[in-house]
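In what follows, a single structure is set out as structure tokens and then discussed.
Number of protein chains: 2
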Amino acid sequence: MSPETERQQAIRTLADLIGQIRIAMLTTVTPEGGFRSRPLTTHGARFDGDLWFLTRLGSPKLEEMRQHHRVGLTYVRSDDNTYVSLSGTARILVDPGKAEELWDPSYQGWFPGGPTDPDLALINVTVDLAEYWTAPALTWPL
Amino acid sequence: MSPETERQQAIRTLADLIGQIRIAMLTTVTPEGGFRSRPLTTHGARFDGDLWFLTRLGSPKLEEMRQHHRVGLTYVRSDDNTYVSLSGTARILVDPGKAEELWDPSYQGWFPGGPTDPDLALINVTVDLAEYWTAPALTWPL
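As given, the protein sequences belong to chains H and W, one line each in that order. Under our numbering, the first residue of the first sequence carries the number 17, and numbering increases by one thereafter. Under our numbering, the first residue of the second sequence carries the number 17, and numbering increases by one thereafter.
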């Protein structure tokens with residue numbers, strides 16, 4: 017296989033895993049230099065190197081990302097030992113046009129005002145490093 | 017409940033979750049400032065603020081931890097939406113005495129030389145920030 021084909025296959029596998037697992041742990045760095053991770057639902061569009069999340073404008077993680085743009089993301093499916101690690105740079109957007117484009121009716125419960133809800137912020141992560149592991153339990157190294 | 021009791025209960029809950037999930041995603045910072053996470057089995061002793069891991073002395077994560085001592089840990093059980101986030105400081109030890117103390121026969125497959133295997137390193141993480149979420153799927157915020 018050519019390197020390009022391998023890369024395309026790796027991105028396809030990553031996109032499949034992210035699409036199936038959906039809930040990421042998004043890791044940010046605190047002002048004190050510690051790490052904080054929290055579960056966050058990934059927007060459903062297919063991964064192509066960028067990821068989108070909807071969140072509340074007042075969420076403390078936004079302040080952490082404003083101070084320190086680099087973020088980590090992990091996706092874990094514990095029942096079959098599937099693990100994804102991503103590293104990237106986060107941007108925060110308040111962009112009703114983009115929110116309209118990303119909108120899904122399932123978001124309505126969280127943002128009753130729809131894509132123009134004043135409490136809605138978008139997080140865009142551009143991924144620059146990705147790794148994944150898919151393996152049966154017994155092969156796990158310590 | 018007094019704050020101390022609440023704290024003790026929270027540590028007990030955390031210890032239970034970590035003990036059940038066992039496989040952490042350990043997040044380190046690369047020399048370029050990116051994040052790398054990888055699955056790692058937690059040593060079985062009960063969490064009391066410290067965590068132990070066995071790893072190979074040549075593992076690249078050790079070099080990342082030597083450069084940047086702060087690490088993140090997450091524990092995820094995806095089938096019931098359980099998420100744990102920990103932040104701490106890592107120490108790397110080559111300490112056959114401690115390895116002997118931690119030793120479990122299940123480690124033999126990875127380190128045929130036992131606690132004195134020349135390829136065996138210990139990672140100790142002292143946790144200074146911990147959060148967890150346990151909730152049914154439908155209550156998950158975006």
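C-beta: ideal position from N, C-alpha, C; glycine also. These numbers were taken from a predicted model, which means no experiment stands behind them.
Interface residue (Cβ-Cβ distance to chain H less than 8 Å): proline 55 of chain W is classified as such. Residue range 19–37 is occupied by the alpha helix (DSSP H) that includes aspartate 32 of chain W, with no beta strand (DSSP E) assigned at that position. Within 8 Å of the CB of aspartate 133 of chain H, no CB atom of chain W is found; the nearest one sits about 11 Å away. Taking leucine 118 of chain W as reference, the option from W/Pro55, W/Ile139 and W/Leu42 with the minimal CA-CA separation is W/Ile139. Close CB contacts of isoleucine 27 of chain W within its chain, under the 6 Å cut and outside five residues either way in sequence, are absent.
Of all C-beta pairs linking the segment 118–129 of chain W to the segment 51–71 of chain W, three or more are shorter than 8 Å, placing the two stretches in contact.
Taking a contact as a CB-CB distance under 8 Å, the pair threonine 90 of chain W and threonine 90 of chain H counts as one, their CB atoms being some 6 Å apart. Per DSSP, arginine 54 of chain W lies in no alpha helix (DSSP H) segment; the continuous beta strand (DSSP E) that holds it begins and ends at 51–57. From the beta-carbon of aspartate 144 of chain W, the residues of chain H found nearer than 8 Å are Gly50.
In this structure, DSSP gives serine 101 of chain H an extended state, which the three-state scheme calls strand. Against chain W, the beta carbon of methionine 41 of chain H has neighbours under 8 Å at Met41, Thr90, Val92, Tyr99 and Ser101, listed in chain order. The closest CA to that of valine 92 of chain W, considering only H/Ser53, H/Leu30 and H/Thr132, is found on H/Ser53.
Residue-level contact check: tryptophan 149 of chain W touches chain H, since one or more beta carbons of chain H fall below 8 Å from its beta carbon.
Arginine 62 of chain W sits in coil when the DSSP states are folded into three classes, being neither helix nor strand.
When 8 Å is used as the limit between beta carbons, arginine 86 of chain H is near these residues of chain W: Gly49, Gly50 and Phe51, in chain order. When C-beta distances to chain W are compared with 9 Å, every residue of the segment 22–33 of chain H stays at or above that value. Interface criterion met: the Cβ of aspartate 95 of chain W is under 8 Å from a Cβ in chain H.
Counting along the chain, glutamate 80 of chain H sits inside the alpha helix (DSSP H) bounded by residues 76–83.
Taking a beta-carbon distance threshold of 8 Å, isoleucine 108 of chain W does not count as an interface residue toward chain H. Counting only residues of its own chain and dropping the five nearest sequence neighbours on each side, glycine 49 of chain H has no CB closer than 8 Å to any other CB.
By the 16-neighbour rule on beta-carbons within 10 angstroms, threonine 21 of chain W is exposed. Under DSSP, phenylalanine 69 of chain H shares a beta bridge with H/Ile139. Under the 10 Å beta carbon count, arginine 86 of chain W is surrounded by 16 or more other beta carbons and is classified as buried. When secondary structure is reduced to three states using DSSP, glycine 88 of chain H falls in the strand class.
Between the segment 105–116 of chain W and the segment 67–86 of chain W there are three or more C-beta pairs closer than 8 Å, enough to call the two in contact. Assignment of aspartate 120 of chain H by DSSP, reduced to helix, strand and coil, places it in the coil class.
Segment contact: the segment 123–139 of chain H against the segment 25–41 of chain W, fewer than three CB-CB distances shorter than 8 Å; contact not assigned. Aspartate 95 of chain H sits in a helix when the DSSP states are folded into three classes.
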